[in-house]
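Step one of this worksheet: look at the structure below.
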Amino acid sequence: DSFYNLTLKLLLQFSWANSFCPHAKFLMTADDDIFIHMPNLIKYLQSLEKIGVQDFWIGRVHRGAPPVRDKRSKYYVPYEMYQWPAYPDYTAGAAYVISGDVAAKVYEASQTLNSSLYIDDVFMGLCANKMGIVPQHHVFFSGEGKTPYHPCIYDKMMTSHGHVQDLQDLWRDATDPKVKTISKGFFGQIYCRIIKIVLLCRLTSLNTYPCRAAF
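Shown next as structure tokens:
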């Protein structure tokens, strides 16, 4: 296994899904250090399924990101591999969800593009862009950092990044039925609003959820 095989693994994933799960409504890609709040995510996706979404791709969106030209970085991309000043919009590869039709379209597009671009989330963006699929940003898909540990955060969270030793503890705390009672009612909503402003609207970047997730 290697960092430079990530695009290959992504394409194998989509190929497998197309072959063996052609009727799946959604497909999720996630790293092994990602916490996924499955009850929140499933509830959200079920609400989308009812309206029959297509060309759906959601996560933490990077917009107008430039290629890294520093050879010391593992994200280094030589000019010969990608000549343009910015990538098409894409979601962070740590965790994102697509509808079943997107998996098929991305795999189709990948057959006509240079898959030697080993940064899988960027390659996903190139394929999606070719097929006219635009990523949607969700404020509760986290960035590189862990999300703040608090019930008012758990109530809305979808993913949190950087968990290894604490996954089981976080699952226990985040899915505790008591979490849903904290934000109930007028005073509960006000309380959680204040808590989220304090935790998310800091001057120093946490790279988790943006400040607007507090509102």
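Be aware that the sequence shown starts at 27, since it is given in this note's numbering, and climbs by one per residue. All C-beta atoms, glycine included, are put in the ideal place defined by N, C-alpha and C.
Quiz prompt | Per DSSP, cross-strand counterpart(s) of Phe52 | solution = Ser125
Practice problem: Write down every uninterrupted run of the alpha helix (DSSP H) in the stretch 138–201 whose length is 4 residues or greater and which is fully enclosed by it, in chain order. | Solution: 146–156, 177–180, 193–200
Quiz item: Given Leu143, which residues of its chain have a CB within under 8 Å of its CB, disregarding the five upstream and five downstream residues?
Solution: Thr33, Val103, Met107, Tyr108, Phe149, Leu152
Quiz item: Between which two residues does the alpha helix (DSSP H) containing Gly214 stretch?
Solution: 211–226
Practice problem: Go ahead and pull the three-state DSSP assignment for Thr207. | Solution: helix
Quiz prompt | Within 8 Å, strictly: CB atoms of Tyr133 and Asn31 | solution = no
Exercise. State the CB to CB distance for the pair Trp83 and Pro161, rounded to an integer number of angstroms; the pair is presumed to be in contact (CB under 8 Å).
Key: 5 Å
Quiz item: Using a Cβ-Cβ cut-off of 6 Å (strictly less than) and excluding sequence neighbours within five positions of Ala120, which residues of its own chain qualify?
Solution: Asp57, Ile60, His187
Quiz item: Whose C-alpha, out of Asp27, Tyr70, Lys100, Val128, is nearest the C-alpha of Phe40?
Solution: Val128
Quiz item: Around the Cβ of Leu53, are there at least 16 other Cβ atoms within 10 angstroms (buried) or fewer (exposed)?
Solution: buried
Quiz prompt | N- and C-terminal bounds of the alpha helix (DSSP H) containing Phe40 | solution = 32–46
Quiz item: alpha helix (DSSP H) containing Ile60: first to last residue?
Solution: Careful: Ile60 lies outside any alpha helix (DSSP H), inside the beta strand (DSSP E) at 60–62.
Self-check item: Contacts around Val190, its chain only, beta-carbon distance under 7 Å, and the 5 residues preceding and following it disregarded
Solution: Asp59
Practice problem: Below 8 Å on the Cβ atoms is my guess for Ala112 versus Pro92; work out the distance and round it to an integer in Å. | Solution: 5 Å
Self-check item: Distance between Gly171 and Met184 (C-alpha atoms, nearest Å)
Solution: 14 Å
Quiz item: Pro48: buried (16+ other C-beta within 10 angstroms of its C-beta) or exposed?
Solution: exposed
Exercise. Report the residue from Ile223, Tyr105, Tyr180, Gly158 whose alpha carbon sits nearest the alpha carbon of Pro203.
Key: Tyr180
Quiz item: Nearest to Phe167 by alpha carbon, out of Tyr235, Ile220, Lys35, Ile145?
Solution: Tyr235
Quiz item: Can you name, in chain order, every residue of its own chain whose Cβ lies under 6 Å from the Cβ of Ser141, other than the five neighbours on each side?
Solution: Thr33
Quiz prompt | Cα-Cα separation between Ile221 and Phe29, rounded to whole angstroms | solution = 38 Å
Practice problem: Identify the continuous beta strand (DSSP E) that holds Trp83 and give its terminal residues. | Solution: 83–88
Self-check item: Residues of its chain near Ile62, where Cβ-Cβ distance is below 8 Å and the 5 sequence neighbours each way are ignored
Solution: Met54, Ala56, Ala121, Met184, Thr185
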